[in-house]
Amino acid sequence: MRNVELQGQFEPRGAPNDAKHAMKFRILVALFRLNVAEELQYRANFVASLLGTLFWIVTALLTLAVFFRHTTRLGDWDYWEVVVLLGVFNTLTGVIEAVLRPGIGRLAGEVKSGGLDLVLAKPVDAQGFVSFRRLDVWRFTDVVLGLALAGYALYRLGRVPSVVQLAAFALALAAAVVVVYALWVALMSLAFWFVSVENLSVLFDAVYEGARYPVSAYPGVLRFVFVYLIPIAWTTTIPASALTGRLEPGFALVAAAVAAVAFALTRLLWRTALKRYSGASG
Amino acid sequence: MSWPRRYGALLRTAWLQDLQYRASIVLWLLWGVTEPAVALGIWWAIAADGPVQGYARADFARYFFALMLVNQLTIAWDSWYLDSWIREGELNFRLARPIHPAHEAVAENIAYKARTAGMILVVWLIVAAAWPAVRLPFGAGRWALTAAAVLLAAAMRFFISFATGLLAFWTTRATAIMELHAGISLFLSGRLAPLALLPPAVARVAGFFWFPYMLAFPVDLLTGAVHGAAVVWGFVGQVVWLALWVGAYRLAWTRGLRKYGAVGG
Numbered sequence: 032m033r034n035v036e037l038q039g040q041f042e043p044r045g046a047p048n049d050a051k052h053a054m055k056f057r058i059l060v061a062l063f064r065l066n067v068a069e070e071l072q073y074r075a076n077f078v079a080s081l082l083g084t085l086f087w088i089v090t091a092l093l094t095l096a097v098f099f100r101h102t103t104r105l106g107d108w109d110y111w112e113v114v115v116l117l118g119v120f121n122t123l124t125g126v127i128e129a130v131l132r133p134g135i136g137r138l139a140g141e142v143k144s145g146g147l148d149l150v151l152a153k154p155v156d157a158q159g160f161v162s163f164r165r166l167d168v169w170r171f172t173d174v175v176l177g178l179a180l181a182g183y184a185l186y187r188l189g190r191v192p193s194v195v196q197l198a199a200f201a202l203a204l205a206a207a208v209v210v211v212y213a214l215w216v217a218l219m220s221l222a223f224w225f226v227s228v229e230n231l232s233v234l235f236d237a238v239y240e241g242a243r244y245p246v247s248a249y250p251g252v253l254r255f256v257f258v259y260l261i262p263i264a265w266t267t268t269i270p271a272s273a274l275t276g277r278l279e280p281g282f283a284l285v286a287a288a289v290a291a292v293a294f295a296l297t298r299l300l301w302r303t304a305l306k307r308y309s310g311a312s313g
Numbered sequence: 004m005s006w007p008r009r010y011g012a013l014l015r016t017a018w019l020q021d022l023q024y025r026a027s028i029v030l031w032l033l034w035g036v037t038e039p040a041v042a043l044g045i046w047w048a049i050a051a052d053g054p055v056q057g058y059a060r061a062d063f064a065r066y067f068f069a070l071m072l073v074n075q076l077t078i079a080w081d082s083w084y085l086d087s088w089i090r091e092g093e094l095n096f097r098l099a100r101p102i103h104p105a106h107e108a109v110a111e112n113i114a115y116k117a118r119t120a121g122m123i124l125v126v127w128l129i130v131a132a133a134w135p136a137v138r139l140p141f142g143a144g145r146w147a148l149t150a151a152a153v154l155l156a157a158a159m160r161f162f163i164s165f166a167t168g169l170l171a172f173w174t175t176r177a178t179a180i181m182e183l184h185a186g187i188s189l190f191l192s193g194r195l196a197p198l199a200l201l202p203p204a205v206a207r208v209a210g211f212f213w214f215p216y217m218l219a220f221p222v223d224l225l226t227g228a229v230h231g232a233a234v235v236w237g238f239v240g241q242v243v244w245l246a247l248w249v250g251a252y253r254l255a256w257t258r259g260l261r262k263y264g265a266v267g268g
């Protein structure tokens, strides 16, 4: 029997929707508590993670300094505007390293080894469980440092965002998180077709490298790819633009719509992919 | 068994292993070329209004294409292997073999690089057919010199990676040290920009270390950016630093093994 069908039988049928959602929420909370308790045992990792992030930020700023020795604008953005974008990039890196890589990032290996069986046998939504089962809490320092960097860059720009701009930024950033998540789900779904490729997450790292700079800095073809095909423009360029006031605040709604579409499409892809999975038994 | 036969066997094994994981290898290759590709994209935008300190758009294109190839030919993952060999105890059976584990690592490097650098070369040729900016003038002597410089750079990066990986005998963060090294080499080895475009003081400091000799020098040789005495000095720097790193490796290997044996009882 296919595992997907098996899984359906365990879902609490006929239960009222509220009760279902309450249970999902309780499961998430329980998972988070377990992870936090586990990670708190390894406090040295906090220092290592913090040092790693600070090193990365310094490297990124020096990189920009090298570019800006020879220009005053990058894709029509000035130095501190790009630093705002770097802050957003670092914030998203925190989300990726804290939640996505340790969770859904392990999927490719599990599809190969058949370890996914253990997930599918659980009476919960497989995508939700796979995505949020594991948490590297220390990497949330990246989120804090990233937002701090963006804030400092705004201060250097001498711009105080209005409440509307802040709201637009919050919405665009949330949309960015959803888009990044969707990219990971799409990528990991490929594991069901290309079973032998264990390092699929490398492909994300490769593409995401492009999100470190405003998308306007790239040649036309690449810009088209980053906006419409592999939508990484929506992960850093758009939230940073919302914060610096480059974009009309209303544009955040477009970002939210893009995120919704990306999420729906990858959910569909995930379901299709899961049907191909035949478990450890082959 | 004679050395050619030993290496024949090691190379065949490494090649077949890579064949098994060829899709994964293509992904690593992709990951390796995005950094120079993104850097090229940014310099391309900056050079839109004219050359940057003598570097026109086409010069950047040639520089970063050469960088992709040379980086792939000289890259060494051995720190990560050694770190896991030492921590997981996989070094034990390798020590029991009648051949030094470094030879297995060298064979793996050769097999991996022949495959991946070959792919880059093919892509480069295809791109060059359509895009004159990345064509290199033919020069047999220069290419021979480049080959020698690449070989020296590959040997140096191998010993850097191997020696650093051996630090796993003493610390659990050997790979973190290698990450730190990679971060510094982003600037000083020319991965981000030709050294001429760094602040002059930084470029001068870089010259006192091994960084330029492991990447920038062979790249500049290939694109024709260095001439005359600078070529000789480049080779001198390569040989000196290679010797120093071989020494560091020998020290770490003998000291580390003594410590490792102590752990085993």
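Here the protein sequences line up with chains A and B, keeping their order. Residues 32 to 313 in my numbering are what the first sequence lists, from first letter to last. Residues 4 to 268 in my numbering are what the second sequence lists, from first letter to last. By construction, the Cβ of each residue, glycine as well, lies at the ideal position given by its N, Cα and C atoms. Here the structure is a predicted model, which is why all the values come from computation and not from measurement.
Taking 8 Å as the upper bound for CB-CB distance, Leu139 (chain B) and Arg65 (chain B) are in contact here, some 7 Å apart.
Using a CB distance below 8 Å, the part of the stretch 227-260 of chain A facing chain B consists of Ser227, Val228, Glu229, Asn230, Leu231, Val233, Leu234, Asp236, Ala237, Val238, Glu240, Gly241, Arg243, Tyr244, Ala248, Tyr249, Pro250 and Leu253, ordered along the chain. Contact between Glu112 (chain A) and Thr267 (chain A) is absent: CB atoms are separated by about 12 Å, not below the 8 Å threshold. In terms of Cβ geometry, Val289 (chain A) and Pro262 (chain A) form a close pair [threshold 8 Å].
If you check the CB distance, Ala51 (chain B) and Tyr58 (chain B) do not come in under 8 Å. Taking Leu201 (chain B) as reference, the option from A:Asn121, A:Val292, A:Thr94 and A:Leu62 with the minimal CA-CA separation is A:Thr94.
Residue environment analysis places Phe67 (chain B) among the buried positions, since at least 16 neighbouring C-beta atoms fall within 10 angstroms of its C-beta. According to the DSSP assignment, Gln158 (chain A) belongs to the alpha helix (DSSP H) that extends over Ala157 to Phe163. Close to Pro202 (chain B), with beta-carbon spacing below 9 Å, are these residues of chain A in chain order: Ala96, Val97 and Arg100. Taking the beta carbon of Thr90 (chain A) as reference, the chain B residues within 7 Å of it are Gly186 and Leu189, listed in sequence order. The three-state secondary structure of Trp80 (chain B), taken from DSSP, is coil. Within the DSSP bridge table, the entry for Trp108 (chain A) names A:Leu105 as partners. Contact check for Leu72 (chain B) against Leu124 (chain B) passes: the beta carbons are separated by less than 8 Å.
Residue pairing by DSSP puts Val55 (chain B) in a beta bridge opposite B:Tyr58. Close to chain A, meaning a Cβ-Cβ distance shorter than 8 Å, is no residue of the stretch 148-167 of chain B at all.
Taking the CA atoms as reference points, Gly251 (chain A) sits about 17 Å from Thr37 (chain B). Using a Cβ-Cβ cut-off of 8 Å, Thr37 (chain B) counts as an interface residue toward chain A, since at least one Cβ of chain A sits closer than that to its own. Less than 8 Å divides the Cβ of Gly106 (chain A) from the Cβ of Ala248 (chain A). Taking 8 Å as the cut-off, the beta carbon of Thr178 (chain B) is found closer than this to the beta carbon of Trp83 (chain B).
Here Leu180 (chain A) really is in contact with Val114 (chain A); their C-beta atoms are around 7 Å apart, less than 8 Å. For Trp215 (chain A) and Phe294 (chain A), the gap between their C-alpha atoms comes out near 11 Å.
Taking 8 Å as the cut-off, the Cβ atoms of Trp244 (chain B) and Met159 (chain B) count as close. When Cβ pairs closer than 8 Å are counted between the two stretches, the stretch 130-144 of chain A is seen not to touch the stretch 172-189 of chain A, the count staying below three.
When DSSP states are grouped into helix, strand and coil, Asp167 (chain A) belongs to the coil group. When DSSP states are grouped into helix, strand and coil, Tyr216 (chain B) belongs to the helix group. Rounded to the nearest whole angstrom, the C-alpha separation of Ala246 (chain B) and Ile102 (chain B) is 22 Å. In this structure Trp34 (chain B) touches Asp236 (chain A) by the C-beta definition: roughly 6 Å separates them, less than 8 Å.
Counting C-beta pairs with one atom in each stretch, the stretch 280-289 of chain A and the stretch 190-199 of chain A have three or more that are closer than 8 Å, which means they touch.
In the assembly as shown, Glu111 (chain B) is a buried residue. Its beta-carbon has 16 or more other beta-carbons within 10 Å.
Within chain B, the residues whose beta carbon sits less than 8 Å from that of Gly106 (chain A) are Ala48, listed in sequence order. Under a criterion of Cβ atoms nearer than 8 Å, the residues of chain A adjacent to Val41 (chain B) are, in order, Glu240, Gly241, Arg243 and Tyr244. Chain-ordered listing is empty here: chain B has no CB closer than 7 Å to the CB of Leu214 (chain A), the nearest sitting near 15 Å.
Interface with chain B (8 Å Cβ-Cβ cutoff): Phe120 (chain A) is excluded. The beta carbon of Pro197 (chain B) sits closer than 6 Å to those of Tyr66, all from its chain and outside the five residues before and after it, given in chain order. If you compare the alpha carbons of B:Val29, B:His230, B:Arg9 and B:Leu224 with that of Met122 (chain B), the shortest gap goes to B:Val29. Contact between Ala242 (chain A) and Phe63 (chain A) fails: their C-beta atoms lie close to 27 Å from each other, not under 8 Å.
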